[in-house]
Every structure is written in structure tokens, then in C-alpha cells.
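A.B. asks: My structure is below; once you've seen it, I'll send some questions.
There are 2 protein chains.
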Amino acid sequence: MLNDRKFKILQAIVNDYIETAEPVGSRTIAKKYGLGVSSATIRNEMSDLEDLGLISQLHSSSGRVPSAKGYRFFVDSMMQRRALAPDESLFLQRMIIENIFQAEYMMQETAKALSRLTNYPAIVSEPHMKKTAIKHVQLVPLDEKALLLVLVTDTKTVKNQVVNLSAAPGYETLTSLSAHLNRHLAGLSIREIDRERIDKMLAEFGENAHVLMPILGIIADMIQAEDDVRVYTSGVKNILAFPEFSDKATAEKIFHALEDRASLFEILGTPYAEATGIQVIIGEENALDLLKSCSLIKANYTIDNQGTGCIALIGPMRMDYAQAVSVLSGVLTNIRHVIDALGLRSNGGTD
Amino acid sequence: MLNDRKFKILQAIVNDYIETAEPVGSRTIAKKYGLGVSSATIRNEMSDLEDLGLISQLHSSSGRVPSAKGYRFFVDSMMQRRALAPDESLFLQRMIIENIFQAEYMMQETAKALSRLTNYPAIVSEPHMKKTAIKHVQLVPLDEKALLLVLVTDTKTVKNQVVNLSAAPGYETLTSLSAHLNRHLAGLSIREIDRERIDKMLAEFGENAHVLMPILGIIADMIQAEDDVRVYTSGVKNILAFPEFSDKATAEKIFHALEDRASLFEILGTPYAEATGIQVIIGEENALDLLKSCSLIKANYTIDNQGTGCIALIGPMRMDYAQAVSVLSGVLTNIRHVIDALGLRSNGGTD
DNA sequence: TGTTAGCACTCGCTCGTGTCGAGTGCTAAC
DNA sequence: GTTAGCACTCGACACGAGCGAGTGCTAACA
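Here the protein sequences line up with chains A and B, keeping their order.
Mapping of the first sequence onto my numbering: residues 1 to 351, in sequence order.
Mapping of the second sequence onto my numbering: residues 352 to 702, in sequence order.
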């Protein structure tokens, strides 16, 4: 499609513009990217590239800027996947070690790592768990009027909540009630707890039957909350560093969108389970108006039978795609390691 | 010190400048704040106010702007404490109800409420717990190679962590080990767990002695983490809305400071336990260079025998002190209610 | 036929100038 | 003590000239 020289010129324009955020002129290319031809020749080639819609001018005597189509071509055909630098790998490895036993912080930490390494805002969503099941329930004494309910789910997350009662049973009683609860509930999802089972449990609870219903209600709430997908961001302030967002109104809009749960899901797109690998969505390709001047780099990861989560980076169209893609890919590998270590059977898309 | 008319003029200048962020001229005051005198008279009075250092001019023909001294006088002598609006009270009350049983989210929610109600960035730090004691320990089975350790402290926070072992004991064993742990550890702080006690426990653990040391190590870590004071922010993006921070470099510096734990503590100031009531720190009165052009409104709250936490709002010097102070005061009352309800014996400073 | 030097042209950027208006300080009159 | 009037200051804004980076076109050259 493009001869070698046009290819190199387009590459030079994209790279230079990513680096400087200034329109790139023919002389700059001739001097800085030594192709062995004069600026006049480059001008002719640039004119052709413009006819192809790969670059464009802001006004009739300015340098050229890559168009969305140009970025697309760059990403698809000439971007060199960069290997992670040693310190980047180290950073990610350390993150695994620190987080492998704390699944609940992992997503937040992943977002932090992404934005730290790339200086772009990062979004990470938890996998959508289709039907969380109870793995273990434990009642822990607190004081005369309260006990603590600890719930472990099959997704290895742990939740706890204080249960206030007019009179809480003592330690021994709670231990035996915990045993009853586990025998009945372990392995069940919330829908499987039917009338019949509750009746049986009420009978076993005997004089403590009055504590059962509040507990079941709280368990239901907890699982409900667990079924809600959480979503984390990090490094949002980095957008202030990009000249394309120097307009305060734009910056504030993006800040706002990245603070709001609903719009975060809009950005990630639903259903986002379909695609595998790392997707690069450039400018106008974004569904959201707000992001038409941004690029989004995202990837899905899947936990078998439990659903798909999403990690993403947002930047200006002029973002460093090579870096962003390689860091995202490294983080994706990390997530898979952690999921495997936790025994959750990862099925994350290859890239 | 000031005659009645000067008083009113200064008040008008401060109020108008807080509202508009534009230097206030004599005609504006004459027209908008009908004092019954002409602009010329007001000009004479303004000249006197400037001699007193209460207001100043940006250049020789601009309107007047309150000086730091002027704001100080305003706050000390003429600010009218505003009552909370019904919807604000409602908002705060609902927040209590939703959070009273989730002490760990309370601080984050408090910060959110503060910034939501005032549109200023908010900072909330947890009280510094001097010596967290163990209230209850529970071991919960997970699978063949792991168990869950749940720790309840005397501050009513609950922590849990997965303990990985080569072979984890079964349910009955864990129940009896939990009982041993509680008998020995309940009521102790980490320093009180001495060699002698550990030896006794090792003896009681019998064939399961090998799990004790990892568990004690993790408990120590948890309490250590609990002794670390956490600090939360909310609404930082609001600074973008103030013209005084329209300079992107300034905005970014503040963003940065409000993201960094260490600088947050610098902002709150240590030791911050001394003062009671709501403090208003204006411009240059701030110790930190970064905040010399900002104002800080803060208050401490104390939990008996456990230490002091801090809540604060940051804004431009031209901030709405009356609103900020009343909202902060309302939130302070809220915190005391929650602390009382949790049985933590509040001792928060009156204001 | 492809490449290059030269040149006219475009257009954003910067800087100086002029005008406008909000605001002040001073003075004289009430 | 208060006010009207007036000269003065100075930032904001608009306008125009000059500059320079960059382009497109053309003619000459290898």
C-alpha cells in the first residue's frame, strides 16, 4: 500500500508528534530522521500521504499531524512492540508478590501500577461474577449486643459485617451455630437458599432461631454487593500534563467521567466480554462523545465461569501506543499469574 | 477599631470578592450594598481600610481585594455562622445511618460528604491509635492449604488475611485453636505477647504448633497496619473550578500534594492534637509554601485514650468561610454521634 | 522520471499601538 | 463630613505590521 519511503515518513511524523505534540514539518523530518532526501521530496510525499487521509494539516501553512486513520495504520502496521524495561518488570513482579494474598486490593494496585508506569489514567474493573457462592460462614463474638459475621465466597474474597442484636449468644453457642450454618450453606449461591432449608435451620437453631433471619439477610446483602462489579481508577490527574487537555473545561469533564461509576462502565463498554487481546480504540472510534478526542487501550481478562473484567488506559490520540500496549500486556500477564496462584483458573485472552 | 461604616464596607468587599473573584470597586459597593452614601465617600473609607492593611490593590487603578489580614478580621469579627440548610442536614443524617456500622468506611464517607457539600477538597485522617489491642481472633477454614485469620480490635475494626500453609488443620481443630488463641490473646496489645506466653501457647497447640508462629506474625503485621494512621481525600478535582488555580502548574502541584500521604500529614500539621474547635488558617499563616495562597479550615476530633484525628477543607483564600465552617461543624457533630454509637467515647473539641 | 533548489504564498504568533472603561485620588463646593 | 467633577492610571481588547515556519508549484538537473 505504501512504498518504503512513505512508510518511513509516516512513521517519523507519528513518532515526532507523539513526542513533541507539535505539527511536524518537512524540514524537521529531513534533518531529524535522515532519510537521505531533501525536504522538497518529503513535501511531495507528505502531500500524497495527506491525499491518502493518513495525515492532515491544521491550517494551510502548518506542519502535518497524524489523522485518526494515520494512528490506526501506525498501530496496525508499524508499531514496534516494546519489551518491558528491567525496572518496569521488577516493579510489576514486586506488585505480584505484595498482592497475591490480598485479592481485594489487587485491582486497585493494578490500576496504580498501570498509571505509575505509563503516566496515563488507568481504569480497572473487577470481573462480573455471575453467581457468587458461599464457601464459609463464621460468627465471631464481639460483645453482649453484637456479633461479627464473616463470609468467605468461592471467589476468595472475604467480607465481614457487624450484626447488632438485642442479645448476642456467647462464644460456644456461636461456634455451634457457625457449624450449623456451614453445613447448610456451604457451596450454595443465594438463590439456592429456599424455604425448606431455612425451616430446617430454624429448627436446628432452637432458642437462637431469632438470630438466623438477620444473619441470612446480611449474607444476602453481602453476596449482592459482591455481585456488583467494582471499578477502580488511578492517575487521573495525569491528564493535566497533556496539552490537548489544557482546556480546563475538557479536563474537568474527563475528571468527572472518571469519577463516576456509570460513565466508567460506558467507557469500558458493555458487553465487553467478547474481544480477546489488547484492543486499541482511536479517537472517533470511541462510542462516547467525550472520548472522541482520546484513545483507549484496553484488554479483558477472564476468570473461568465467573466472568470477564477489563483493564484500560486512557490518553490523548497522540499517546505512546507502543509503551501503553506493552505495559498493559505486562500487567495482563501479572493478573493471570495472580489468578492462577489463587486457584481461580484464568482464561485471559492472549494478545 | 473600625467604625460602623468601615465595618460594613469591609464586609461588603469580602463578601463580594468571595462571590465574584473580581476586585471590588467603590461604585459596586455603593450600588449593590446600598449604604446610603456615594461612591466617593466609600473611596475615602476604602483608602483608610487600605492604610490599615485590611484590603489591597493589585494595581493603582483596580478595585480592592481583601488582604490576608482582612480575611482574618472577617473570620474573627464579622463572619456570621450559617445554620445548615435542611437538605444539608438531611444529607449528613443519612450518612450517619448508612455508615454507623461500618467504621472502616466512615472516614472515606466523611471526606466525600465534606467535599460534596462545600465543593472544596476535603482531607480526613483517622485517629492515631496508640496501642491497638486484640479483642477477638478467629481462624476460619478455607481449603487444604489455607485458612483465614480474622482479627477484631478494640477499635471495632475487623481485618482478615489468608494464611497459606503446607497443610491446614480442619474445621474442628481450627475451632479449638481459635479458642486457645482467644484465651491467651484477648485484651492484649502486641507488646504484651511475650516469650513466656508464646511458650504456653505452643504447648497447648500440640501437634499444630507449627501454625502458631505464622499466625502470630500476621497478627503483629495487622496491628502494625492498624497503628498506621490512614488519611483520605475527596473532591480534589474541585480545585479546577477556582480561577486562582487556573494556572495548570499550581493545580498540578496541589493535586500532587493531595495524593501523597506524607504531604497530607504536613498539611494537617503535626502534632495536631493540641487545638480544639474549628481552626481557620489563612494564606501566609500556613506553614507550607504550597498553601501560602490557600486557606485551610480544620478541626480535630478525639477518641478517648486512642488519639486525635483531623478533618479539613482546602480552598483559595477567597473561600466561603461561613459555609465551610458550618459544614465542618456539622460533620464534626456527626462524627461524634457515630463515635458515641460505636461506644468509643468521643472527646471531640467543642467549637 | 525522480529529485532538488528556488520562490511566492499562507497563516499563526508576537509585539507595539490605540482605544475603552473601570476605578482611583484629589479638589472644590455644598 | 459628604459629594460631584475631573484628571489620571492601568488592564483588557482589538487592530495591524512584521516575522518565520511551512507549504505548493515550477523549472532545472541527473
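Ideal placement from N, C-alpha and C gives every residue a C-beta, glycine not left out.
Quick caveat, the model's predicted, so the values are computed rather than measured.
(1) Can at least three beta-carbon pairs, one atom from the region 595–603 of chain B and one from the region 543–554 of chain B, be found at a separation below 8 Å?
(2) If the criterion is Cβ atoms closer than 9 Å, does the pair Tyr-583(B) and Gln-459(B) meet it?
(3) Which residues in the same chain as Val-375(B) place their Cβ atom closer than 8 Å to its Cβ, once the five residues preceding and following it in sequence are excluded?
(4) Kindly indicate which residue of Asp-402(B), Val-689(B), Ile-360(B), Leu-403(B) has the alpha-carbon position closest to the one of Gly-385(B).
(5) Does the count of Cβ pairs from the region 130–140 of chain A and the region 176–196 of chain A closer than 8 Å reach three?
(6) Out of Arg-43(A), Met-78(A), Leu-54(A), point me to the one whose CA is closest to Ser-61(A)'s CA.
(7) What three-state label does DSSP hand Arg-581(B) in the structure shown?
(8) Hey, quick one: how far does the beta strand (DSSP E) through His-136(A) stretch, first residue to last?
(9) What three-state label does DSSP hand Val-280(A) in the structure shown?
(10) Just to confirm, are Ala-419(B) and Ile-633(B) a CB contact at a threshold of 9 Å?
(11) Which residues in the same chain as Glu-617(B) place their Cβ atom closer than 7 Å to its Cβ, once the five residues preceding and following it in sequence are excluded?
(12) Based on DSSP bridge pairs, tell me the residues matched to Gln-161(A).
(13) Less than 9 Å between the C-beta atoms of Thr-504(B) and Ile-574(B), yes or no?
(14) Nearest CA to the CA of Ile-690(B): which residue from Leu-468(B), Lys-643(B), Ile-448(B), Glu-558(B)?
(15) Less than 9 Å between the beta carbons of Tyr-471(B) and Met-670(B), yes or no?
(16) Using a C-beta to C-beta distance shorter than 7 Å, which residues of chain B count as neighbours of Lys-248(A)?
(17) Going along the chain, which residues of its own chain have a beta-carbon closer than 8 Å to the beta-carbon of Asn-3(A), five neighbours each way excluded?
(18) Cβ closer than 9 Å: which chain B residues qualify as neighbours of His-337(A)?
(19) Is the shortest distance between the beta-carbon of Pro-492(B) and the beta-carbons of chain A less than 9 Å?
(20) Return the residues of the region 31–42 of chain A that lie within a Cβ-Cβ distance of less than 7 Å from chain B, sorted by chain order.
(21) Give the interface partners of Val-158(A) over in chain B, defined as CB-CB distance under 7 Å, in chain order.
(22) With a threshold of 9 Å between beta carbons, is Asn-409(A) in contact with chain B?
(23) Comparing alpha-carbon positions, which option in Thr-308(A), Gly-307(A), Leu-328(A), Ile-303(A) lies nearest Ile-297(A)?
(24) Suppose the cutoff is 6 Å on Cβ atoms and the five residues either side in sequence are ignored; what does the same chain contact list for Asn-334(A) look like?
(25) Using a Cβ-Cβ cut-off of 9 Å, state whether Gln-575(B) counts as contacting chain A.
(26) Which residues in chain A sit within 8 Å of His-479(B), going by Cβ to Cβ distance?
(27) With a threshold of 7 Å on Cβ separation, who are the neighbours of Val-580(B) within its own chain once the five nearest residues in sequence on each side are excluded?
(28) Taking the alpha carbon of Glu-207(A) as the point to measure from, which residue in Ser-176(A), Asp-143(A), Gln-279(A) has its own alpha carbon closest?
(29) So which residues on chain B does Phe-255(A) lean against when the C-beta distance must stay under 8 Å?
(30) With 16 other CB atoms within 10 Å as the buried threshold, where does Gln-408(B) fall?
(31) Please give me, in chain order, every unbroken run of the beta strand (DSSP E) with length at least 3 that falls completely inside the region 12–67 of chain A.
(32) May I ask you to report which of helix, strand or coil DSSP gives Gly-700(B)?
(33) Of the residues Cys-310(A), Met-79(A), Pro-214(A), Val-75(A), which one's Cα is nearest the Cα of Val-162(A)?
(34) Return no unless some Cβ of chain A is closer than 9 Å to the Cβ of Tyr-583(B).
(35) Do you know how far the Cα of Ala-241(A) is from the Cα of Ala-83(A)?
(36) Can you find a CB in chain B that lies within less than 9 Å of the CB of Gly-349(A)?
C.D. replies: Judging by the given coordinates:
(1) No, they do not touch.
(2) Between Tyr-583(B) and Gln-459(B), the C-beta gap is smaller than 9 Å, which places the two residues in contact.
(3) Excluding its 5 nearest sequence neighbours in each direction, Val-375(B) has C-beta neighbours in its own chain below 8 Å: Ala-363, Ile-364, Asp-367, Tyr-368, Gly-414, Arg-415, Val-416, listed in chain order.
(4) By alpha-carbon distance to Gly-385(B), the top candidate from Asp-402(B), Val-689(B), Ile-360(B), Leu-403(B) is Ile-360(B).
(5) Yes, since at least three Cβ pairs between the region 130–140 of chain A and the region 176–196 of chain A fall closer than 8 Å, the two stretches touch.
(6) Checked all of Arg-43(A), Met-78(A), Leu-54(A); the closest Cα to Ser-61(A) is Arg-43(A).
(7) Here Arg-581(B) sits in coil by DSSP.
(8) His-136(A) -> beta strand (DSSP E) spans 134–143.
(9) In this structure, Val-280(A) counts as strand in the three-state DSSP scheme.
(10) Cβ atoms of Ala-419(B) and Ile-633(B): closer than 9 Å.
(11) The residues are Leu-639.
(12) Paired residue(s): Leu-149(A).
(13) A contact, by the Cβ cut-off of 9 Å.
(14) The alpha carbon of Ile-690(B) has as its nearest neighbour, out of Leu-468(B), Lys-643(B), Ile-448(B), Glu-558(B), the alpha carbon of Ile-448(B).
(15) Yes, Cβ-Cβ distance for Tyr-471(B) and Met-670(B) is below 9 Å.
(16) Those within 7 Å of Lys-248(A) in chain B are Leu-591, Ser-597.
(17) Counting only Cβ-Cβ distances below 8 Å, and skipping sequence neighbours, we find nothing.
(18) Against chain B, the beta carbon of His-337(A) has no neighbour under 9 Å; the closest one sits roughly 16 Å away.
(19) Yes, Pro-492(B) lies at the interface with chain A (some Cβ there is under 9 Å from its Cβ).
(20) If the cut-off is 7 Å between Cβ atoms, the region 31–42 of chain A has nothing near chain B.
(21) Neighbourhood of Val-158(A) in chain B, by CB distance below 7 Å: Leu-499, Asn-511, in chain order.
(22) Summary: the structure shown does not reach residue 409(A), with chain A confined to residues 1 through 351, and so no result is reported for it.
(23) Ranking Thr-308(A), Gly-307(A), Leu-328(A), Ile-303(A) by CA distance to the CA of Ile-297(A) puts Leu-328(A) first.
(24) Leu-92, Ile-96.
(25) No, no contact with chain A.
(26) Those do not exist, as His-479(B) stays about 23 Å from chain A at its closest Cβ, beyond 8 Å.
(27) Same-chain partners within the cutoff: Ser-476, Glu-477, His-479.
(28) Here the closest residue by C-alpha is Ser-176(A).
(29) Chain B residues near Phe-255(A): Lys-588, Leu-591.
(30) Within 10 angstroms of the beta-carbon of Gln-408(B) lie fewer than 16 other beta-carbons, which makes it exposed.
(31) Fully enclosed beta strand (DSSP E) runs of 3 or longer: 55–57, 64–66.
(32) The predicted model places Gly-700(B) with a pLDDT of 46, which falls under 50 and marks its position as unreliable, so this point remains unresolved.
(33) Answer by Cα proximity: Pro-214(A).
(34) Contact of Tyr-583(B) with chain A is not assigned, every C-beta pair being separated by 9 Å or more.
(35) Roughly 25 Å separates the two Cα atoms.
(36) Low confidence applies here, because Gly-349(A) scores a pLDDT of 46, under 50, leaving its location unreliable and the question unanswered by this model.
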